[in-house]
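What follows is a single structure, written as structure tokens, with notes after it.
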Amino acid sequence: MRDPTHLQEKFRARFGTAAAIYRAPGRVNLIGEHTDYNDGFVLPAAIQFYCWVAAAPRSDKKLLIHSENFNETVEANLDSISAAGKNHWANYPLGVAWALQSAGKRLNGANLLISGDVPLGAGLSSSAAIEVGVGFALLCQSGCTVKRTELALLCQKAENEFVGARCGIMDQFIACHGKASFALLLDCRSLDSQTAQLPAGVQLVICNTMVKHELASGEYNRRRAECEEGVRALRVVLPQIRALRDVTIAQLENHCSLLNPTVYSRCRHVVTENERTQEAIRALDTHNLREFGRLMRESHRSLRDDYEVSCKELDLLVEIASAQPGVVGARMTGGGFGGCTINLVESSAVEVFKENVAAKYRAQTGLNPEIYVSPAADGVQQVDVSSRESAQ
Ligand code: GLA
């Protein structure tokens, strides 16, 4: 985790003034994968890995953005924002400035220093963390108010329309609304959310496969298109449906002949995953951990076989983890094609779990997995550096 005072010093060295410090978290998703863009349910928690943003206003309309991770500075004019080139990190902060302004927010010029400790491209939503961190910082620096849900939606717009990834709302929503010690059940249609108490005595343990497959973003957009194709075909006989959220398993089975086999499998994942997510909430409410773990396992199987967004490294990590003592459940988390698994592990078993899983995964792949343990964290906020200094 970064030290915010250190970030302030770096900012002063680069830009010559003091800065306010903000941070937005990454996330894991406990269950409800690839359901958000189908108007469904998700159960994410923010984690204690952050994108840190140091910011101070400028008197002109420039944005000067320095990334510590990429050791690069990008300059832009707020009156004429254009993309920085394909796959460039700066498209996230620039896209957010563009989206905020297109929603009528009058932004000041600003100097920004960005430093992220959310592992990049690991399925823990480093992109939403940078979007939300920068959006929040720019709004605060410009004296604009905005509701957290509106900020989440504008960050999603930046990613959809400026960066070009057709993500759903889950990641930006949890980066805005995360709550320490809680997961959040989000209805991605109404955007109503409620906190969900994480079970006592278990920890969130995240295992990083250390692989990221190249096809990820293209395949993600393709899965979305396949879901939309499923809805179009099913509407012929079910005209009332707007999204896969509205389809029951029985309806899908009855009308499977309308869908080609691939689209049918994609739809089956989404429809059953929505069902599982609601069952998982009931399991949490009734402290039925065994059932929660079963649902996590089923979720992984469905993502692997029906949605085909897993990969051999994720499957292996889930298999190794599931055989360890004290494991409630294990599954891939996030978009897939590499990245991380989320594991619910009894607190007393965590240390042994880490050792065993790392050793076995290393032995079978030659890769050294990173394993992180994180409590559920708060959403985006300003960090009060002065009180930290005096408290230390
Ligand atoms: C990525 C996207 C999210 C969501 C997940 C899969 O993290 O950004 O919107 O679709 O994949 O659940």
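Here the sequence shown stands for residues 1388 to 1779, numbered as in the numbering used here.
Backbone N, C-alpha and C define an ideal beta-carbon position, used for all residues, glycine too.
Screening all residues for a C-beta within a distance smaller than 5 angstroms of any heavy atom in ligand 1 leaves E1420, H1421, D1423, C1554, G1555, M1557, D1558, G1721, G1722, in chain order. DSSP links I1434 through a beta bridge to A1763.
Between the alpha carbons of G1680 and T1422 lies a distance of about 19 angstroms. Using a C-beta cut-off of 8 angstroms, the stretch 1694 to 1708 makes no contact with the stretch 1563 to 1576, since fewer than three inter-stretch Cβ pairs fall below that distance. Runs of the alpha helix (DSSP H) lying entirely within the stretch 1681 to 1716 and spanning at least 4 residues, in chain order: 1699 to 1709.
Judged by DSSP in its simplified three-state form, R1553 adopts coil rather than helix or strand.
A straight-line Cα-Cα distance of about 16 angstroms links N1474 and A1509.
Taking C-alpha positions only, A1717 is separated from E1459 by approximately 38 angstroms.
A Cβ-Cβ contact shorter than 8 angstroms links Y1409 with Q1768. Of V1744, G1503, I1452, the smallest CA-CA separation from L1465 is found for I1452.
Within the same chain, Cβ atoms closer than 7 angstroms to the Cβ of E1613 are found at T1649, V1650, R1653, the five residues on either side in sequence being excluded. DSSP, reduced to helix, strand and coil, places I1628 outside both helices and strands of the structure shown, so it counts as coil. Excluding sequence positions up to five before and after R1749, its CB lies within less than 8 angstroms of the CB of N1755, P1756, all in the same chain and listed in chain order. Taking the C-beta atoms as reference points, V1519 is found no nearer than 8 angstroms to Y1437. Cβ neighbours of L1430 within its own chain (closer than 8 angstroms, five residues either side excluded): N1416, L1417, I1418, G1419, A1570, L1571, L1572, L1573, A1583, T1664, A1667, I1668.
Residue environment for D1558: buried (at least 16 other C-beta atoms within 10 angstroms of its C-beta). Of the residues E1548, M1597, N1595, V1657, the one whose Cα lies closest to the Cα of G1617 is V1657. Counting C-beta pairs with one atom in each stretch, the stretch 1586 to 1596 and the stretch 1723 to 1743 have three or more that are closer than 8 angstroms, which means they touch.
Runs of the alpha helix (DSSP H) lying entirely within the stretch 1391 to 1435 and spanning at least 4 residues, in chain order: 1391 to 1402. Fewer than three beta-carbon pairs drawn from the stretch 1524 to 1541 and the stretch 1391 to 1401 are found closer than 8 angstroms, and the two stretches are therefore not classed as touching.
Note on geometry: alpha-carbon atoms of F1724 and V1760 lie some 22 angstroms from one another. For a cut-off of 8 angstroms, the C-beta gap from N1498 to A1442 is around 7 angstroms, short enough to register as a contact.
Just so you know, the alpha carbons of T1728 and L1703 end up roughly 10 angstroms apart.
Rounded to whole angstroms, the gap between the alpha carbons of A1433 and S1514 is 13 angstroms. With a minimum length of 4 residues, there is no unbroken run of alpha helix (DSSP H) contained wholly in the stretch 1429 to 1479.
Counting along the chain, the unbroken beta strand (DSSP E) around G1725 starts and ends at 1725 to 1733. Judged by beta-carbon spacing, L1507 lies beyond the 8 angstroms limit of E1455, meaning their Cβ atoms are not closer than that value. Membership of V1521 in the alpha helix (DSSP H) is indicated by the continuous run 1513 to 1528.
Residue pairing for A1497: DSSP places it in a beta bridge opposite P1444, L1450. In the structure shown, D1574 adopts extended strand secondary structure according to DSSP, grouped into three states. Comparing C-alpha distances from E1615 to each of P1412, D1426, A1400 shows the shortest one belongs to D1426.
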